[in-house]
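Residue numbers (my numbering): 7 to 350. Cβ atoms here follow ideal geometry from the backbone N, Cα and C, with glycine treated the same way. Values in this document were obtained by computation on a predicted structure and should not be read as measured data.
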Ligand code: PLP
Ligand code: COI
């Protein structure tokens, strides 16, 4: 398939092979120079660390075409830093942060025809990832690692685009107390596959996980952080917990709310009771893939909690946050220092 064959406006969130990926190997205690490759397959030992003990982590960011035709990425240095943190927790050698950003630039540039046009609603999803490469049979970290970046054009993460979604409260946990919820380890997503399929089988879009220790506090969904709005759009509340992935989108939204929109921002523990008692007027899921997807209702074992903004459209404060965030990402609005990385 070539980019010319794609109907950008009807693109879904699925993998499509593009022209180049980026690859670098860690061997004998150091990373090699890395290169672009047209080979989109990986050959590994049947006993490699990733296959036996799931030693892997990944990142997700996007490239956008701006209104004036430039290609930009949103805060790639933050993904580099978060992958560094994921690697340390998984006993993997971090890929140097400056080289991470440079590799993102190289692979986007090599696939520039695959970056969807401005206004199409589609973007180029960038997926850096790393895994234990060599054979490991005793439980220990690998000695060799492969770092790769694949890129693939995508449309909205949730079918229906910006329509509010319904989430459910699963009986499973996504992360353990003091576990790996705060890093982007592949194993966290393996844990979420059964609950997400259960949710889909029951007609819901996503799971809203509660804190694994007490199940009284809101954490996040399988692939996005959560934001709440209260006080007639004046206050943004986001849950705080060590087992929530520190979303770059959420941290950017908090900055926008406080410094651009003049809202009050509370980053604190959020009790599920507050949500059930109707404390919040609006609710959204935020992340690279989700952008900001409004939540209209929560189904807690058959008990429906209606979010005031409802199931028809995004609430007004969520809309302002969405317009400002995407305005910055697409170059329509001025960006805070260092947020936009132009691919030249
Ligand atoms: N939470 C989880 C579990 C995720 O997988 C993601 C996606 O990356 C996010 C939150 C959102 O993070 P970010 O905004 O950095 O994409
Ligand atoms: C992202 O938003 O980049 C993620 O990794 C989430 C995943 C559900 C696609």
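Item: Between the CA atoms of residue 312 and residue 205 - distance to the nearest angstrom; Value: 18 Å
Item: Cα-Cα separation, residue 109 to residue 285; Value: 44 Å
Item: Sheet register partners of residue 273 (DSSP bridge); Value: 244
Item: 8 Å Cβ cutoff met for residue 196 and residue 187; Value: no
Item: Any heavy atom of the ligand COI within less than 5 Å of residue CB: hits in chain order; Value: 66, 229, 293, 294 and 295
Item: CB of residue 54 within 8 Å of CB of residue 106, strictly; Value: no
Item: Local Cβ density within 10 Å of residue 310, reported as buried at 16 or more and exposed below that; Value: exposed
Item: CA-to-CA distance, residue 232 to residue 364, given in whole angstroms; Value: As displayed, the chain neither begins before 7 nor continues past 350, which places residue 364 out of reach and without an answer.
Item: Assigned secondary structure, residue 307 (DSSP; H/G/I helix, E/B strand, else coil); Value: coil
Item: Outcome for residue 166 when other beta-carbon atoms lying within 10 angstroms are tallied against a minimum of 16; Value: exposed
Item: Classification of residue 198 by the beta-carbon crowding that lies within 10 angstroms, buried from 16 upward; Value: buried
Item: Bounding residues of the beta strand (DSSP E) (the contiguous stretch that carries residue 293); Value: 288 to 293
Item: The region 88 to 104 touching the region 266 to 278, judged by at least three CB pairs closer than 8 Å; Value: no
Item: Cβ contact (3+ pairs, closer than 8 Å) linking the region 120 to 140 and the region 148 to 165; Value: yes
Item: In DSSP terms, what residue 265 is bridged to; Value: None; residue 265 has no bridge partner.
Item: Which listed residue (293, 247, 238 and 305) has its alpha carbon closest to that of residue 81; Value: 293
Item: Classification of residue 35 by the beta-carbon crowding that lies within 10 angstroms, buried from 16 upward; Value: exposed
Item: Collapsed DSSP secondary structure at residue 87 in the structure displayed; Value: helix
Item: In DSSP terms, what residue 69 is bridged to; Value: 79 and 130
Item: For residue 174, the residue or residues it bridges with in DSSP; Value: 213 and 305
Item: Closest residue to residue 287 among 251, 266, 325 and 26 (Cα-Cα distance); Value: 325
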